[in-house]
Amino acid sequence: MNEVKTIDARNTFCPGPLMELITYMRQAEVGDTLELLSTDAGTANDVPEWVKKVGHELISSEQVEGVWHLKVRKAK
Amino acid sequence: MPRKLSIICVSGSHERLQMAGMIASVAAASGDEVSVFFSMNALPHFVKDASADAPAEGKFGELMANSAGVPPFRQLFRFAAEMGDARLLPCSMALDLLGLDEGDLEPELAAATGLTAFLAETADAQILTF
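Read top to bottom, the protein sequences are chains D and H.
Every letter in the first sequence is one number past the one before it in the working numbering, and letter 72, counting from 1, is 73.
Every letter in the second sequence is one number past the one before it in the working numbering, and letter 91, counting from 1, is 164.
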């Protein structure tokens with residue numbers, strides 16, 4: 002529980018980063034936090050939308066040197 | 074409330090298969106109930122050992138084919154089926170014309186389906202055609 006796993010989806014295009022996140026989310030335990038790294042700008046909007054729709058929790062979203070870091074907690 | 078989405082793939086072009094695969098994968102992984110019906114020039118791309126390439130309609134298809142990091146359309150449809158329970162339905166008429174049966178298709182494809190059954194099952198769905 003509470004493990005932070007980093008998923009490196011840099012240099013892949015939509016919907017690659019979201020697919021990576023969903024794949025690892027399936028394997029994670031409830032309460033785990035996943036950090037997705039993406040260089041695809043659309044991901045910064047799409048991932049929070051998906052998280053909201055399926056009922057997980059977006060912890061943070063920030064861009065550092067051209068890379069989006071999105072932290073998501075598995076809520077169910 | 075899950076939405077019912079029916080996607081009809083007719084074209085064998087890279088751009089159209091890619092767009093259909095993107096919509097199928099994202100919708101299915103977001104909880105929508107997705108069915109994809111493959112017929113005409115789209116179906117041969119799902120025959121076992123078929124080339125992963127599809128001809129480009131224009132510049133964008135070429136751009137995608139030459140860009141690393143674009144998920145291949147077959148991977149998108151497989152993801153839709155495995156992660157989002159999308160049903161990938163081969164058209165029975167197209168299979169008959171090709172002289173193939175379900176066993177000749179990629180394993181993520183479901184049972185051969187006729188147009189009448191597909192339309193009846195998806196009567197209350199939003200339909201997108203590619």
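For every residue, glycine included, the Cβ atom is placed at its ideal position computed from N, Cα and C.
- Relative to the Cα of residue 14/D, the nearest Cα in the group 107/H, 124/H and 143/H belongs to 143/H.
- When rounded, the separation of the alpha-carbon atoms in residue 116/H and residue 164/H is 8 Å.
- Counting along the chain, residue 143/H sits inside no alpha helix (DSSP H), nor does DSSP assign it H or E at all.
- For residue 162/H against residue 111/H, the beta-carbon gap comes to about 7 Å, under 8 Å, which counts as contact.
- Taking 8 Å as the threshold, the shortest C-beta distance from residue 77/D to chain H does not fall below it.
- For residue 183/H, the closest of 135/H, 192/H and 119/H by C-alpha to C-alpha distance is 119/H.
- Taking residue 191/H as the centre and dropping the five residues before and after it, the same chain places the C-beta of 110 closer than 6 Å to its C-beta, in chain order.
- Residues of chain H with a Cβ closer than 7 Å to the Cβ of residue 55/D are, in chain order, 103 and 104.
- Per DSSP, reduced to three states, the secondary structure at residue 6/D is strand.
- Taking 8 Å as the CB threshold, residue 142/H lines the interface with chain D.
- Scanning its chain for C-beta atoms nearer than 8 Å, with the 5 sequence neighbours on each side dropped, one finds around residue 145/H the residues 125, in chain order.
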